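Worksheet: one structure, shown below.
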Amino acid sequence: GGIITQTPKFLIGQEGQKLTLKCQQNFNHDTMYWYRQDSGKGLRLIYYSITENDLQKGDLSEGYDASREKKSSFSLTVTSAQKNEMAVFLCASSTGRGQNTLYFGAGTRLSVL
Amino acid sequence: GEQVEQLPSSLIVQEGASVLINCSYTDSASVYFPWYKQEPGKRLQFIIDIRSNMERKQTQRLTLLFDKKTKHLSLHITATQPGDSAIYFCSGYNTNTGKLTFGDGTVLTVKP
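So the sequences go chain by chain: Y and W.
My numbering numbers the first residue of the first sequence as 7 and each following residue consecutively.
My numbering numbers the first residue of the second sequence as 196 and each following residue consecutively.
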């Protein structure tokens, strides 16, 4: 079976800092996603990518950049961390697009001081 | 855009009880509805799904009902066990936007 690996597991940043989160998958899946999970809320889509070098904005893309330079990896950049921000960022992948099961990583927990 | 509402936000039951989690969506272009479970400290994992051309799907102790007319789904879990304690998320895939939208989740606690 495959796995999705997110690094780092924990990320502590300063206000205004640019922070990068990384995700690798060995499923050979075409589509990869970045979701943000806030406490008590569902997952909100930040960016997704249907193939290498493709990027599609989600509902929460403002304040973030993403990059899919290889099929197996998808990175997310917080362009300017907001003070007291706390959230978990989840990476996922799926074959094809939409009507397929998503496989999730363990998450990166972000805290901004 | 599509909105997915999930109720209740939390449930506490005794082991062996049945539970019902409700989910509603707004956009008729949503056609595929997977549900995911997040156990404490673990990754989200797929548990069951249904497509808009179906009314019911069952797998082991899970039954998923879908009403296209009312845009409503319900997940029924029977004979709950402490290991079922988790956050359950419904979601809907919209063919117009190409996005999968999640509900806010239902925290289920099953007491032994």
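Glycine is no exception: its CB is placed at the ideal position from the N, C-alpha and C atoms.
Remember, it's a predicted structure, so these values are computed and weren't measured experimentally.
- Identification of chain Y residues near Y220 of chain W by a Cβ-Cβ cut-off of 7 Å yields none; the smallest Cβ-Cβ distance measures about 12 Å.
- According to DSSP, residue pairing for V302 of chain W in a beta bridge involves W:S205, W:I282.
- Judged by pairs of C-beta atoms under 8 Å, the stretch 38-47 of chain Y does not touch the stretch 279-293 of chain W, as fewer than three such pairs exist.
- Taking one beta carbon from each stretch, the stretch 45-56 of chain Y and the stretch 9-23 of chain Y have fewer than 3 pairs nearer than 8 Å; the two do not touch.
- For N59 of chain Y, there is no enclosing beta strand (DSSP E), as DSSP marks it with neither H nor E.
- The beta-carbon distance between S286 of chain W and F297 of chain W, rounded to whole angstroms, is 5 Å. This is short enough to meet the 8 Å contact definition.
- For K47 of chain Y, the nearest CB of chain W lies under 8 Å from its own CB, placing it at the interface with that chain.
- The beta carbon of L49 of chain Y is closer than 8 Å to those of Y41, R42, Q43, L96 in its chain, skipping five residues each way along the sequence.
- Within the stretch 238-280 of chain W, the complete beta strand (DSSP E) segments at least 3 residues long are 239-246, 251-254, 257-262, 267-272, listed from N- to C-terminus.
- Within chain W, G293 have C-beta atoms less than 7 Å from the C-beta of R103 of chain Y, given in sequence order.
- Within the stretch 51-73 of chain Y, L51, Y54, I56, Q62, G64, D65 place their CB atoms closer than 9 Å to a CB of chain W, listed in sequence order.
- A straight line joining the alpha-carbon of T221 of chain W with that of K77 of chain Y spans about 33 Å.
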